[in-house]
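Colleague: So the sequence shown is numbered by my numbering: it starts at 765 and just counts up by one. Beta carbons are placed, not taken as given, at the ideal position from N, Cα and C, and that holds for glycine.
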Amino acid sequence: MKRVLEPEFMDDPDQAQAYAQADFSKENEYFINEFRRRFPDFLSGSVIDLGCGPADIPIRLVQALPDCRVIGIDASRPMIQLGEKAITTAQLHDCIQLRCETIQRTFLPDLADAVISNSLLHHLPRPMDFWTTITRLAKPSAPVLIMDLSRPQSTTIAQTIVEQYAYHEPEILRRDFYNSMLAAFTHEEVSAQLAESGLGHFVITCPDDRHWIARGHLVE
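1) Which partner residues of Asp838 appear in the DSSP bridge assignment?
2) Quick check: the stretch 810-821 against the stretch 788-795, are there 3 or more CB pairs under 8 Å?
3) In angstroms with no decimal places, state the Cα-to-Cα distance between Gln868 and Arg833.
4) Could you please give me the residues that DSSP links to Pro907 through a beta bridge?
5) In the DSSP assignment, what residue or residues form a beta bridge with Ala878?
6) Considering only C-alpha positions, which residue in the set Val879, Met911, Ala948 is nearest to Ser810?
7) Count the other CB atoms within 10 Å of the CB of Leu807; is the residue buried (16 or more) or exposed (fewer)?
8) How is Ala828 classed by DSSP in three states: helix, strand or coil?
9) Can you tell me whether DSSP reads Val768 as helix, strand or coil?
10) Would you check if the distance between the CB atom of Ala978 and the CB atom of Phe966 is smaller than 7 Å?
11) Out of Ile936, Asp775, Trp976, which one is the CA nearest neighbour of Cys864?
12) Taking the beta strand (DSSP E) that Thr969 belongs to, which residues open and close that run?
13) Identify whether Phe799 lies in helix, strand or coil by the three-state DSSP scheme.
14) What is the C-beta distance between Ile844 and Leu872, in whole angstroms, given that I count them as a contact (C-beta under 8 Å)?
15) How is Phe949 classed by DSSP in three states: helix, strand or coil?
16) I'd like to know whether the C-beta atoms of Leu913 and Ser881 end up nearer to each other than 7 Å.
17) Classify Leu937 as buried or exposed, calling it buried when 16 or more other Cβ atoms lie within 10 Å of its own Cβ.
Here is the structure:
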């Protein structure tokens, strides 16, 4: 099945609200645990989160690693607004900064010590922008952990996955999930992107039937 693009930004407040209210706790907690397991020596420093959404992952990361500081980037104004509310509730404004901008326009005064991203890549029409941004914004040898959806072989399989994992969610979220599955990249496509961007040494694994994870350190 060929890739079907979806909108790059989630600018609809109803979409953003549905996403923020959905229960991604299992996936997000897995992501944080995977970062800590793969990079056990990383206990402090600046972390940039590309496509931070409503800031659940930045909050979980700072709660797990209190000496970390997170800069969350997201081009969706409604997502950033929801993230700011969540950070206020968690009382973590001293540790987390959110910025509403595209990753192509993101610049940091100092290079980040680590990079994380969950479910941003499939939104981008030009995937190499994503990998170029990582190497541009982070220090040499920085740990990197990326997770995203994996495109299934057919629309039928995509619909089956939606029914299995999002049957209890509102229709607007189910539709977004389906469209995201169609816009996602396959394991093989991600491998090719990594090789092209000089990150061919990264390790890619598939933890379940709908995600892939890429991890590694930037080259010194």
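Modeller: Judging by the given coordinates:
1) Beta-bridge partners of Asp838 (DSSP): Cys864.
2) Yes: at least three Cβ pairs fall under 8 Å.
3) Cα atoms of Gln868 and Arg833: separation of roughly 21 Å, rounded to the nearest angstrom.
4) For Pro907, the pairing in a beta bridge is given by DSSP as His981.
5) Answer by DSSP bridge pairing, in chain order: Val811.
6) Put simply, of Val879, Met911, Ala948 the residue whose alpha carbon is nearest the alpha carbon of Ser810 is Val879.
7) In the assembly as shown, Leu807 is an exposed residue. Its beta-carbon has fewer than 16 other beta-carbons within 10 Å.
8) In the three-state DSSP reduction, Ala828 falls in the helix class (H, G or I).
9) Residue state, collapsed to three classes: coil.
10) Going by C-beta atoms, Ala978 is nearer than 7 Å to Phe966.
11) That would be Asp775, whose Cα lies nearest to the Cα of Cys864.
12) Element bounds for Thr969: 967-969.
13) Look at Phe799 here: in three-state DSSP terms it is helix.
14) About 17 Å separates the two Cβ atoms, so there is no contact after all.
15) In the three-state DSSP reduction, Phe949 falls in the strand class (E or B).
16) It is not a contact, given that the beta carbons lie outside the stated cut-off.
17) It counts as buried.
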